[in-house]
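Protein chains: 2
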Amino acid sequence: MAASSRPPSHPSTAVRRVRAGTRMSRQLTSMTNNFWTVIPAGGSGTRLWPVSRAGTPKFLLSLVQERRSLLQQTVDRLRFVCQPRHMMVVCGPPHAVSVTRQLPELLESQIVVEPSPRGTGPAIALAAALIERQDPDAIMGSFAADHAVRDLSEFVNAVQGAIIAACQDQLVTIGIQPTRPETGYGYIEWNDDPAFTTDFGAIHRVSSFVEKPDIATATAYVESGRYLWNASMFIWKVSVFMEELRTYLPEVAAGVSRIADAWGTPEQEEVTLDVWPQLPDISIDNGLMERSQRVAVVPAEMGWSDIGDWHGLGTLLKHDEAGNCVRGDTISSGCVNSVVWSDTKRVISLIGLNNIVVVDTPDALLVADRSQAQLVRATVSRLKELNRTNLC
Amino acid sequence: MAASSRPPSHPSTAVRRVRAGTRMSRQLTSMTNNFWTVIPAGGSGTRLWPVSRAGTPKFLLSLVQERRSLLQQTVDRLRFVCQPRHMMVVCGPPHAVSVTRQLPELLESQIVVEPSPRGTGPAIALAAALIERQDPDAIMGSFAADHAVRDLSEFVNAVQGAIIAACQDQLVTIGIQPTRPETGYGYIEWNDDPAFTTDFGAIHRVSSFVEKPDIATATAYVESGRYLWNASMFIWKVSVFMEELRTYLPEVAAGVSRIADAWGTPEQEEVTLDVWPQLPDISIDNGLMERSQRVAVVPAEMGWSDIGDWHGLGTLLKHDEAGNCVRGDTISSGCVNSVVWSDTKRVISLIGLNNIVVVDTPDALLVADRSQAQLVRATVSRLKELNRTNLC
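Read top to bottom, the protein sequences are chains P and E. Mind the numbering: the first sequence is residues -12 to 379 in our numbering, read in order. Mind the numbering: the second sequence is residues -12 to 379 in our numbering, read in order.
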């Protein structure tokens, strides 16, 4: 579980893969000189309980790659589109120490600790305001701290396309081509006609953002070809973003501007503690993207996953020929399509399991049918009801 | 798990149930004055791993009734057919202390510690030789230490019938009317024509003992009506048993007689250590019952189980309306027919499980399809191969 604090040395396999990509261009290198990124690192990922807890949320865990947490992998990925000093992480007080330890390459100024969770809206807005004060011409991207991307080259291509679209004063989101009728994701409806095209692909207008659908709706979405998965990847000019923010979330725009003005001065803490609690708790999706009239989407295929539950994580892990993903000291026979994750030294005997998830931690054990893995949330809710928060 | 050393006080519910039985008779009371019982307490019950281990085998565990081990429950049961001073337990050195602590009501002379395991043949034979020296006219019964009986009244009736048959100089076994085509039990084929009848039911000759059959054979057995389950319950005159032993296992007969002659004298240890290792390792079934020409069977229905695996134990435990047997700190949703047993204080979340066994101990975890629960044996074998005997 322990994430190593050392970033992988370049050139890594991933770098070479990207360098081999045909669409990498010198143009981008100059373009990305003013590209900044922010990683809002919040959320607890209760559907990955009992490994994910309030104190060690999903983004701090090494789930997909050994010794690199999802947050670290996100930073690793962004190094291919963004200069190291142009990255920013926004996290809460309970995770500030862990984030700092996991990312020793970031300066103190690159880790913003928000006093309390207010959703991605205020978090991204504060980052934008802080970036704007350093570089008013900045283009900025926001990327979730706890998602996985298999194809780095396609990720870089998509960001490049989005940067170009952002230069057209759009709020740009990267939408993932759906590969199945997933009910755990939000969807983005796009117009068929491209708004314009770039070297990196077509850029489309967005008709609407839609919340997690039921299975019938999700199936219709996928069949229609007009919907993409919302991967919480956003790219825009900081100036355009602040303008839209002033229109749709004026209190947030004013609040983060006040905080940004005080940032790095003796008044920082006082102003922050005065202003922040007054801000609405709202996601950037609900607060801005669903309301703005200048939202565009770059469709992409990059093997993206939000690792929403143990089933989803299982699809990302190495598995044997029977489809089992196993981490731990196990002796198994006759198991298929099962996911086993152990954080203990106990021996685990698995016999005849089909589509079962077993997650073993020192103080809690989960055994679930894989197709119902998302219901683990209810267990966490129940533990909270029972005041057993030490287990949550 | 800890078994209490205090036997239940009389009159218990069970006693009252037996007293209410219509077939209890004064005749039996006088008959059972010379009835002795032996409990061979061996075997490790590897199919109940990871709770059952070499050091704490099945018979020492409180599996069916809280705070009374299977051994203690066996003794409790035998108190209804046998005087307390006429009971004997034969166990091995690793379990002598636990057996003694669990059965404080037994005298030192009632607990026989065999130097090494030699199967039920020598164990029962030694007990018989020791009993014969105290009461040459004794009738003796042998009962496994780790089986369960639901219906005590029917058990008492069956033993009474078997005692009467034993008085006819038969080696008598109690055969259980099969309720399903069980492949985990040995079977006894009986002749339809009763050899004779008693107040307690018909006594039949035995045609053959058969080993654990495959499912097709087991189904045919049950349909034929000519087969009973072998429950390892044997009743005979000690004199008749020793006579048959001299015929079919003469070296065992001679060996246990030499040991019994030295028992309680200064030579006991020397003679035992000299003779015992020379005895063959053989079960009483293979060595005697399958070969003797004077074997009879008393058919009985008493809710008997050998608790052969977690599935079998599950059928004996209290279950909820969805068929789940749960012991431990659990939060579950949508589970059916599952068995959960915890010896830890960990919280266990169970979601959507169907026919799954979960057994949680401090150093080992078992998750198995219930229909394949008997394969846990292979896990124990594998652990031994890997020299991880601390887990076996």
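Every residue gets a Cβ at the ideal spot worked out from N, C-alpha and C, and that includes glycine.
Roughly how far, in whole angstroms, is the beta-carbon of Ile222/E from the beta-carbon of Ile126/E, given that I think they are within contact range, below 8 Å? The Cβ separation is near 7 Å, so the contact holds.
Exposure of Asp186/E, with buried meaning 16 or more beta-carbon neighbours within 10 Å: A residue is called buried once 16 or more other Cβ atoms fall within 10 Å of its Cβ, and Asp186/E, having fewer, is exposed.
By the criterion of Cβ-Cβ separation under 8 Å, what are the contact partners of Gly339/P in chain E? Ala355, Asp356, Ser358, Gln359, Leu362
is_contact[Gly321/E, chain P] using C-beta, thresh 8 Å: yes
DSSP puts Trp55/E in a beta bridge; with which residues? According to the sequence shown, residue 55/E is Arg rather than Trp. Note: Arg55/E sits in a beta bridge opposite Gln52/E.
Using only the alpha-carbon positions, how far apart do Ser140/P and Asn374/E sit? Using only the alpha carbons, I get a separation of about 47 Å.
Proximal residues of chain E, C-beta to C-beta of Ser336/P below 8 Å: Trp36, Pro37, Ala351, Leu352, Leu353, Val354, Ala355, Val363, Thr366
In whole angstroms, give me the CA-to-CA distance for Ser336/P and Arg55/P. 28 Å
So, at 6 Å on beta carbons, what are the nonlocal neighbours of Ala135/P in its own chain, with the 5 sequence-adjacent residues on each side left out? Val51, Ser292, Ile294, Leu303
Check each candidate in Ala132/E, Phe196/E, Val227/E and name the one with the smallest Cα separation from Gly79/E. By alpha-carbon distance to Gly79/E, the top candidate from Ala132/E, Phe196/E, Val227/E is Ala132/E.
Inside the region 274 to 326 of chain P only - alpha helix (DSSP H) runs reaching at least 4 residues: 297 to 303
Within 8 Å (strictly less), CB to CB, does Val345/P reach chain E? yes
For His82/P, the three-state DSSP class (helix, strand or coil): In the structure shown, His82/P sits in a helix (DSSP, three-state: H, G or I).
Please compile the residues from chain E whose C-beta is within a distance smaller than 8 Å of the C-beta of Ile318/P. Thr366, Arg369, Leu370
Tell me Asn217/E's beta-bridge partners as DSSP assigns them. Gly162/E
For Asp356/P: DSSP bridge partner residues: Ile343/P
Count the other CB atoms, across all protein chains shown, that sit within 10 Å of the CB of Ala147/E; report buried if there are 16 or more and exposed otherwise. As written in the sequence, residue 147/E is Gln, which differs from the Ala given in the question. Label assigned to Gln147/E: buried.
Sequence-distant residues of the same chain with beta carbon closer than 6 Å to Asn377/E, five excluded per side: none
Distance cutoff 8 Å, beta carbons only. Does Arg333/E sit that close to anything in chain P? yes
Of the choices Ile202/E, Leu65/E, Leu215/E, Glu231/E, whose alpha-carbon is the least far from that of Phe196/E? Phe196/E has its Cα closest to that of Leu215/E, out of Ile202/E, Leu65/E, Leu215/E, Glu231/E.
Could you tell me which residues DSSP puts in a beta bridge with Phe183/P? Ile190/P
Put Trp328/P into one of helix, strand or coil per three-state DSSP. Looking at Trp328/P - three-state DSSP - the assignment turns out to be strand.
Which residue marks the beginning of the alpha helix (DSSP H) containing Ala365/E, and which one marks its end? 363 to 372
How is Ser17/P classed by DSSP in three states: helix, strand or coil? Its pLDDT being 47, under 50, Ser17/P is placed unreliably in this model, and the coordinates cannot settle the point.
Going along the chain, which residues of its own chain have a beta-carbon closer than 7 Å to the beta-carbon of Cys379/E, five neighbours each way excluded? Arg40, Ala41, Val367, Leu370, Lys371
Verify the CB distance criterion: does Leu378/E have a CB-CB separation below 8 Å to chain P? yes
With hydrogens ignored, establish whether the beta-carbon of Val25/E is closer than 7 Å to any heavy atom of the ligand FAD. This structure simply doesn't include the ligand FAD, nor any ligand for that matter.
Within 10 Å of its beta-carbon, does Gln157/P have 16 or more other beta-carbons around it, so buried, or fewer, so exposed? With 16 or more Cβ atoms within 10 Å of its Cβ, Gln157/P is classed as buried.
Is it the case that the Cβ atoms of Phe183/P and Ile190/P are separated by a distance below 8 Å? Yes; because the gap between Cβ atoms is below 8 Å, this pair is in contact.
With Ala152/P and Ala283/P assumed to form a contact (beta carbons below 8 Å), what rounded beta-carbon distance in angstroms separates them? 5 Å
Is the beta carbon of Val354/E less than 8 Å from the beta carbon of Val239/P? no
Would you identify the three-state DSSP class for Leu337/E, choosing helix, strand or coil? Under the three-state reduction of DSSP output, Leu337/E falls in the strand class.
By the three-class DSSP mapping on this structure, what secondary structure does Ser172/E have? Ser is not the amino acid found at residue 172/E; the sequence shown has Tyr there. Coil, per DSSP.
Min CB distance Phe130/E to chain A below 8 Å: No chain A appears in this structure, whose protein chains are P and E.
Can you tell me which of Thr170/P, Val193/P, Pro349/P puts its alpha carbon nearest to the alpha carbon of Asp179/P? Val193/P
Going by DSSP, what residue range makes up the alpha helix (DSSP H) through Thr234/E? 225 to 235
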